[in-house]
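Participant:
There are 2 protein chains.
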Amino acid sequence: MGRWEPNARGRLEQAALALYSERGFEQTTAAQIAERAGLTERTFFRHYADKREVLFGGAHALEEAFVDALTGAPDTAAPIDAMASTLEAVASFFRERHEFARQRQAVIMANAELRERELIKLASLSSALAATLRRRGVKDSVAALTAEVGIAVFKVGFERWVEDDGKRPLADFLRESLGELTVVASGD
Amino acid sequence: MGRWEPNARGRLEQAALALYSERGFEQTTAAQIAERAGLTERTFFRHYADKREVLFGGAHALEEAFVDALTGAPDTAAPIDAMASTLEAVASFFRERHEFARQRQAVIMANAELRERELIKLASLSSALAATLRRRGVKDSVAALTAEVGIAVFKVGFERWVEDDGKRPLADFLRESLGELTVVASGD
DNA sequence: ACACCGATGACAGTGACTGTCATCGCGTAG
DNA sequence: CTACGCGATGACAGTCACTGTCATCGGTGT
Numbered sequence: 055m056g057r058w059e060p061n062a063r064g065r066l067e068q069a070a071l072a073l074y075s076e077r078g079f080e081q082t083t084a085a086q087i088a089e090r091a092g093l094t095e096r097t098f099f100r101h102y103a104d105k106r107e108v109l110f111g112g113a114h115a116l117e118e119a120f121v122d123a124l125t126g127a128p129d130t131a132a133p134i135d136a137m138a139s140t141l142e143a144v145a146s147f148f149r150e151r152h153e154f155a156r157q158r159q160a161v162i163m164a165n166a167e168l169r170e171r172e173l174i175k176l177a178s179l180s181s182a183l184a185a186t187l188r189r190r191g192v193k194d195s196v197a198a199l200t201a202e203v204g205i206a207v208f209k210v211g212f213e214r215w216v217e218d219d220g221k222r223p224l225a226d227f228l229r230e231s232l233g234e235l236t237v238v239a240s241g242d
Numbered sequence: 055m056g057r058w059e060p061n062a063r064g065r066l067e068q069a070a071l072a073l074y075s076e077r078g079f080e081q082t083t084a085a086q087i088a089e090r091a092g093l094t095e096r097t098f099f100r101h102y103a104d105k106r107e108v109l110f111g112g113a114h115a116l117e118e119a120f121v122d123a124l125t126g127a128p129d130t131a132a133p134i135d136a137m138a139s140t141l142e143a144v145a146s147f148f149r150e151r152h153e154f155a156r157q158r159q160a161v162i163m164a165n166a167e168l169r170e171r172e173l174i175k176l177a178s179l180s181s182a183l184a185a186t187l188r189r190r191g192v193k194d195s196v197a198a199l200t201a202e203v204g205i206a207v208f209k210v211g212f213e214r215w216v217e218d219d220g221k222r223p224l225a226d227f228l229r230e231s232l233g234e235l236t237v238v239a240s241g242d
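The listed protein sequences derive, respectively, from chains A and B.
Everything in the first sequence is counted per the working numbering, starting at 55 for the first residue and increasing by one.
Everything in the second sequence is counted per the working numbering, starting at 55 for the first residue and increasing by one.
(1) Which word fits Gly204/B, buried or exposed, when buried means at least 16 other C-beta atoms lie within 10 angstroms of its C-beta?
(2) Is the separation between the beta-carbon of Leu144/A and that of Ala182/A shorter than 8 Å?
(3) If I measure Cβ to Cβ from Val161/A and keep anything under 8 Å in the same chain, skipping five residues before and after, which residues do I get?
(4) I want to see whether chain B comes within less than 8 Å of Val203/A, judged by CB atoms only; does it?
(5) Determine the DSSP secondary structure at Tyr102/B, reduced to helix, strand or coil.
(6) Along chain B, which residues have their Cβ under 7 Å away from the Cβ of Arg171/A?
(7) Just the chain A side, please: which residues come within less than 7 Å of Glu234/B by C-beta, in chain order?
(8) Taking the Cβ atom as the reference point for each residue, do Glu95/A and Ala84/A lie within a distance shorter than 8 Å?
(9) Check for me: the alpha helix (DSSP H) holding Gln86/A runs from which residue to which?
(10) How big is the Cα-Cα spacing for Leu116/B and Gln68/A?
(11) Just curious, the alpha helix (DSSP H) that Val207/A is in, first and last residue?
(12) Could you pull out every residue in the same chain whose Cβ sits closer than 6 Å to the Cβ of Glu230/B, ignoring the five residues on either side in sequence?
(13) Is there contact here, the stretch 212–220 of chain A with the stretch 152–160 of chain A, by at least three beta-carbon pairs under 8 Å?
(14) Using a Cβ-Cβ cut-off of less than 8 Å, list which residues of the stretch 125–136 of chain B approach chain A; keep chain order.
(15) Taking only runs that begin and end inside the stretch 131–198 of chain A, name each unbroken alpha helix (DSSP H) of 4 or more residues, in chain order.
(16) For a cutoff of 8 Å on Cβ pairs, would you count Val238/A as touching chain B?
(17) For Leu93/B, I'd like the list of residues in its chain whose CB is within less than 8 Å of its CB, leaving aside the five on either flank, ordered along the chain.
(18) Taking the Cβ atom as the reference point for each residue, do Glu202/A and Ser178/A lie within a distance shorter than 8 Å?
(19) So, with DSSP's three-state summary, where would you put Arg229/A?
(20) Determine the closest residue to Arg151/B out of Ile174/B, Val216/B, Ser195/B, with distance taken between C-alpha atoms.
(21) Identify whether Thr94/A lies in helix, strand or coil by the three-state DSSP scheme.
(22) At the 8 Å Cβ level, is His114/A part of the contact set with chain B, yes or no?
(23) Anything in the stretch 174–186 of chain B with a Cβ closer than 8 Å to a Cβ of chain A? List those residues in chain order, please.
(24) Leaving aside the five residues before and after Arg222/A along the sequence, list all residues of the same chain whose C-beta is less than 6 Å from its C-beta, in chain order.
(25) Would you tell me roughly how many angstroms separate the C-alpha atoms of Leu228/A and Asp135/B, rounded to the nearest one?
(26) Of all the CB atoms in chain A, is at least one closer than 8 Å to the CB of Val216/B?
(27) Given Ala123/A, which residues of its chain have a CB within under 6 Å of its CB, disregarding the five upstream and five downstream residues?
(28) Do Ala185/A and Ala206/B have their beta-carbon atoms positioned less than 8 Å apart in this structure?
(29) Flag Ala84/B as yes if its beta-carbon sits less than 8 Å from any beta-carbon of chain A, otherwise no.
(30) Measure the beta-carbon distance from Phe98/B to Ile87/B and round it to whole angstroms, keeping in mind my assumption that it falls under 8 Å.
(31) With H, G and I counted as helix, E and B as strand and the rest as coil, what does DSSP make of Gln81/B?
(32) Please list, in chain order, the chain A residues whose beta carbon lies closer than 8 Å to that of Ala166/B.
(33) By the 10 Å Cβ neighbour count, where 16 or more other Cβ atoms means buried, how is Ser195/B classified, buried or exposed?
(34) Since I believe Pro128/B is in contact with Leu187/B (beta carbons under 8 Å), could you give me their beta-carbon distance rounded to a whole number of angstroms?
(35) Does any residue of chain A bring its CB to less than 8 Å from the CB of Val210/B?
Okay, structure coming up:
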């Protein structure tokens with residue numbers, strides 16, 4: 055694979071997260087990341103489209119997990135119930151990754167550009183979920199709203215889990231958040 | 055106010071929207087926008103923090119309209135009902151601006167960076183709405199979810215309105231979108 | 001007329017990102 | 001074993017977004 059040490063991408067990712075944590079995102083140059091990874095700036099941009107993307111390498115896998123879970127939900131389940139079981143399934147994606155998620159989240163929340171990137175990844179995820187729902191025969195508008203709402207529930211639950219001590223599983227927080235949605239939408 | 059012609063900000067905004075529409079966002083340089091507005095690149099960046107921000111000058115006023123409307127909702131209204139009346143009130147913000155909104159939306163949707171900026175503006179709006187709900191005594195989690203859901207409803211309705219011919223008022227689309235939310239959350 | 005001040009211009013500088021071409025190291029055909 | 005092919009990397013120049021700094025303009029109040 056690589057010319058010298060293997061796993062260039064992984065080294066860049068580790069170096070970036072470390073530097074972003076230590077000195078902040080803006081204060082870190084692409085050249086510094088590359089240097090710590092034993093590569094050049096040019097190679098950094100061959101692996102990642104920009105400085106932010108290095109923190110979102112896992113987004114594609116997460117989207118896949120979401121779509122797979124939603125696709126596998128029982129055909130008879132109502133959209134919101136399919137979404138509920140999807141959240142349940144996806145929670146395992148983050149098992150054993152609480153510490154990593156915490157550090158990454160801290161870096162992202164500390165910088166506006168990174169928050170922007172996070173939001174568009176979630177929007178892409180929402181869009182993929184809506185498409186999957188449509189494939190299940192759900193009406194366009196209902197699919198879009200169910201997906202948006204599902205992501206909203208995920209966000210709220212995920213943020214609380216990250217702030218927690220990592221002992222309670224993510225699934226707990228997602229269930230809690232979903233329960234609150236029902237309260238909200240029914241008019242309290 | 056200005057040293058030469060007045061309304062430098064407005065001229066920059068118009069020039070930017072025109073150029074972004076004509077040749078695309080990425081193909082437009084800040085210097086070109088400034089030149090068309092009869093100013094220099096440096097002055098462009100004095101008025102707008104970056105190339106994207108020039109398209110989002112109205113975001114602050116919109117957020118204000120949202121917050122004011124939500125603040126003015128009857129104290130007795132349930133969160134989701136207060137949100138409904140807020141959407142109703144905010145719809146007038148876009149009256150007579152369908153053509154402008156359409157052109158702006160086309161530019162934004164054609165570029166990923168601009169979509170990112172749009173999303174973070176909406177997130178900021180959601181956050182402001184949640185804070186306003188909390189001020190009404192709504193529990194944190196319910197406030198956050200109601201705000202997120204309210205924005206989701208707004209997005210869906212707004213996008214349909216923009217794609218429409220401009221004859222039907224935005225409020226119609228927002229009501230329609232809100233109606234669908236009820237269907238979704240109740241389990242279809 | 002004069003002093004003051006906010007908005008603008010001029011200019012240099014940093015860093016993100018790109019295009020291009022040479023080079024390296026490994027697998028493979030011969 | 002050797003020559004060749006090819007993907008990954010390095011080297012280097014270039015564009016452009018964005019910033020810091022200082023001079024200058026034009027209106028305002030005295």
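All residues carry an ideal CB built from backbone N, CA and C; glycine is no exception.
Facilitator: For this structure:
(1) As a first step, residue 204/B is located in the second sequence; it is residue number 150 there, counting from the start. By the C-beta density criterion, Gly204/B is buried, having at least 16 other C-beta atoms within 10 angstroms.
(2) Within the first sequence, the letter at position 90 stands for residue 144/A. Within the first sequence, the letter at position 128 stands for residue 182/A. A quick correction: the sequence has Val, not Leu, at residue 144/A. Going by C-beta atoms, Val144/A is not nearer than 8 Å to Ala182/A.
(3) For this step, residue 161/A is matched to residue 107 along the first sequence. Only Leu71, Tyr74, Ser75, Phe79, Leu109, Leu168 meet the Cβ criterion.
(4) Here residue 203/A corresponds to residue number 149 of the first sequence, with the count starting at 1. So yes, Val203/A belongs to the interface.
(5) Locating residue 102/B in the second sequence gives position 48, where the first residue counts as 1. The answer is coil: DSSP assigns Tyr102/B none of H, G, I, E or B.
(6) Within the first sequence, the letter at position 117 stands for residue 171/A. Scanning chain B for C-beta atoms nearer than 7 Å to the C-beta of Arg171/A yields Glu170, reported in chain order.
(7) Along the second sequence, read from residue 1 onward, the residue named residue 234/B stands at position 180. In chain order: Ser195, Val196, Leu199.
(8) Walking along the first sequence from the start, residue 95/A turns up at place 41. Walking along the first sequence from the start, residue 84/A turns up at place 30. Cβ atoms of Glu95/A and Ala84/A: closer than 8 Å.
(9) Taking the first sequence and counting its residues from 1, the one referred to as residue 86/A is at position 32. Here the alpha helix (DSSP H) through Gln86/A covers 84–90.
(10) Stepping through the second sequence from its first residue, residue 116/B is reached at position 62. Stepping through the first sequence from its first residue, residue 68/A is reached at position 14. Roughly 40 Å separates the two Cα atoms.
(11) Counting from one through the first sequence, the residue named residue 207/A turns up at place 153. It spans 194–217 - the alpha helix (DSSP H) in which Val207/A sits, taken as one unbroken run.
(12) Indexing the second sequence from 1 puts residue 230/B at position 176. Nothing meets the Cβ criterion.
(13) yes
(14) Listed by position along the chain: Ala132, Pro133, Ile134, Asp135.
(15) Those alpha helix (DSSP H) runs which fall completely within the stretch 131–198 of chain A and span 4+ residues are 133–144, 152–163, 166–189.
(16) To locate residue 238/A, count along the first sequence from 1; it is residue 184. Answer yes: the Cβ-Cβ gap between Val238/A and chain B drops below 8 Å somewhere.
(17) Numbered from 1 along the second sequence, position 39 holds the residue referred to as residue 93/B. For Leu93/B, where only same-chain residues beyond five positions count, the Cβ hits under 8 Å are Ala62, Arg65, Leu66.
(18) In the first sequence, residue 202/A corresponds to position 148, counting from 1. In the first sequence, residue 178/A corresponds to position 124, counting from 1. Contact: no.
(19) The residue labelled residue 229/A in the question sits at position 175 within the first sequence. Three-state DSSP puts Arg229/A in a helix.
(20) Translated into the one-based positions of the second sequence, residue 151/B becomes position 97. When each option's Cα is compared against that of Arg151/B, the closest is Val216/B.
(21) In the first sequence, residue 94/A corresponds to position 40, counting from 1. If DSSP states are grouped into helix, strand and coil, Thr94/A belongs with coil.
(22) As a working note, residue 114/A is residue 60 in the first sequence. No, His114/A lies away from the interface with chain B (no Cβ there is under 8 Å from its Cβ).
(23) Within the stretch 174–186 of chain B, Ile174, Ala177 place their CB atoms closer than 8 Å to a CB of chain A, listed in sequence order.
(24) Along the first sequence, read from residue 1 onward, the residue named residue 222/A stands at position 168. Taken in chain order, the list of residues that qualify is empty.
(25) Residue 228/A sits at position 174 when you count from the first residue of the first sequence. Residue 135/B sits at position 81 when you count from the first residue of the second sequence. Near 25 Å, if we compare the C-alpha coordinates of Asp135/B and Leu228/A.
(26) By one-based count along the second sequence, residue 216/B stands at place 162. So, not an interface residue.
(27) Against the first sequence, residue 123/A aligns to sequence position 69. Only Thr140, Ala143, Val144 meet the Cβ criterion.
(28) As a first step, residue 206/B must be located in the second sequence, where it is residue number 152. As a first step, residue 185/A must be located in the first sequence, where it is residue number 131. No.
(29) Counted from its first residue, the second sequence places residue 84/B at position 30. With 8 Å as the cut-off, Ala84/B does not count as an interface residue toward chain A.
(30) Sequence index remark: in the second sequence, residue 98/B carries index 44 (1-based). Sequence index remark: in the second sequence, residue 87/B carries index 33 (1-based). The pair is a contact, with the Cβ atoms about 6 Å apart (cut-off 8 Å).
(31) Here residue 81/B refers to the residue found at position 27 of the second sequence. Looking at Gln81/B - three-state DSSP - the assignment turns out to be coil, as it is neither helix nor strand.
(32) Here the question's residue 166/B lines up with position 112 in the second sequence. Those within 8 Å of Ala166/B in chain A are Ile174.
(33) Numbered from 1 along the second sequence, position 141 holds the residue referred to as residue 195/B. Counting Cβ neighbours within 10 Å, Ser195/B comes out buried, since at least 16 surround it.
(34) On the second sequence, position 133 is the one that residue 187/B refers to. On the second sequence, position 74 is the one that residue 128/B refers to. Contact flag wrong, Cβ pair sits at about 14 Å.
(35) Taking the second sequence and counting its residues from 1, one reaches residue 210/B at position 156. Yes, contact with chain A.
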